[in-house]
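One structure is given here, and the rest of the page talks about it.
Numbering (the numbering used here), first residue to last: 1 to 90.
Here you go:
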């Protein structure tokens, strides 16, 4: 019970993104795909932030997902969970 309280205390609210930030994400994704730049993606999941770095494997516009290739793994990230994007080797 105390452990649950401590975990709940550390949770943060999901940041609200504006249209400018979403446009910036789109531009960075296009650059990363075109020039094979590594992308650092920060997501928000159930109150906590997680970071992933890798190459874009593919983009699924229908399901609004971004697939990031990390070494031998491919991670499926939902657009709605992404809170920041950075190009690593621009």
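Backbone N, C-alpha and C fix where the C-beta goes; we use that ideal spot for every residue, glycine too.
Minimum C-alpha distance to residue i - residue among the options
i: residue 83; options: 65, 8, 15 and 74; result: 15
i: residue 78; options: 72, 89, 58 and 87; result: 58
i: residue 38; options: 75, 70, 80 and 50; result: 70
i: residue 63; options: 76, 34 and 31; result: 76
i: residue 33; options: 72, 68, 73 and 10; result: 68
i: residue 72; options: 53, 85 and 12; result: 53
i: residue 9; options: 26, 35 and 46; result: 46
Neighbour flag for residue i against chain D, beta carbons, 8 Å
i: residue 70; result: Absence of chain D from the displayed structure is noted, only one protein chain being present.
Sub-8 Å separation of residue i and residue j beta-carbons
i: residue 28; j: residue 66; result: no
i: residue 44; j: residue 81; result: yes
i: residue 42; j: residue 48; result: no
i: residue 40; j: residue 30; result: no
Per DSSP, cross-strand counterpart(s) of residue i
i: residue 70; result: 73
i: residue 86; result: 40
i: residue 78; result: 65
>> For a minimum of 4 consecutive residues, which ranges assigned as the alpha helix (DSSP H) are wholly contained in the stretch 16-68?
In response: DSSP runs (the alpha helix (DSSP H)) wholly in the stretch 16-68: 19-35.
> Do the stretch 16-26 and the stretch 47-61 meet, that is, are 3 or more Cβ pairs less than 8 Å apart?
Replying inline: At 8 Å Cβ cutoff, the stretches do not touch.
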